[in-house]
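In full-length UniProt numbering, the protein residues as written are 1 to 189.
Even for Gly, the Cβ is constructed at its ideal location relative to N, Cα and C.
Remarks on the structure that follows.
Pasting the structure below:
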């Protein structure tokens, strides 16, 4: 199991790590189980190797750049096999660990993904009618772009999903905290 958990890079805390009286890798496996540790390693490796998550820091220097990168990563989220709910149903703890990892790596893209895909398909599914199941299935399969079809289904799906994105962009709910204006002392009182 220790091959899944990399050693820390050497640094100023090496002195204290060498003096530790317990094996921290064994503690991690004990607390989180072997399946979870292996899953975490696979997700981090998939994210490290995915081109959407290897972004130049210059792109993140502007607010528009951050939004563009978050949208790119949200689209890539659905293509990462390790984050697929269907592939991880054998252990129900795994999807929550996947969400935690994604929130640590890229919170904006994770929220965009869940609003666009999960919230959208869940809201349509909870309408309780069978006629909308075609939309739900398409959303869960990751139909990202509109392609002309014989029915109005593709157009409906495209318009509904882009309405969700439009609302997100208009409200700018993914704005980093440092962009909000500071409150003056008079407003606090």
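Cβ neighbours of residue i in the same chain (closer than 6 Å, five flanking residues each side left out)
i	result
residue 194	Only positions 1 to 189 of the chain appear in the structure, and residue 194 is not among them; the question remains open.
residue 44	none
The alpha helix (DSSP H) enclosing residue i, as first and last residue numbers
i	result
residue 45	34–49
residue 17	14–19
residue 121	120–125
residue 98	94–105
DSSP state of residue i mapped onto helix, strand, coil
i	result
residue 81	helix
residue 144	Caution applies to residue 144, whose pLDDT of 48 falls short of 50 and renders its modelled position unreliable; the model cannot decide the point.
residue 150	Its pLDDT being 49, under 50, residue 150 is placed unreliably in this model, and the value from its coordinates should be taken loosely. Residue 150: coil per DSSP, three-state reduction.
residue 111	helix
residue 132	helix
residue 3	coil
Cutoff 8 Å; reference residue i; Cβ partners in own chain excluding five residues on either side
i	result
residue 101	40, 43, 44 and 47
Same chain only: Cβ atoms within 7 Å of residue i, ignoring 5 sequence neighbours per side
i	result
residue 71	112
Classification of residue i by the beta-carbon crowding that lies within 10 angstroms, buried from 16 upward
i	result
residue 10	exposed
residue 21	exposed
residue 15	exposed
Closer than 7 Å: residue i CB and nearest the ligand COA heavy atom
i	result
residue 17	With respect to the ligand COA, the structure shown offers nothing to examine, as it has no ligands at all.
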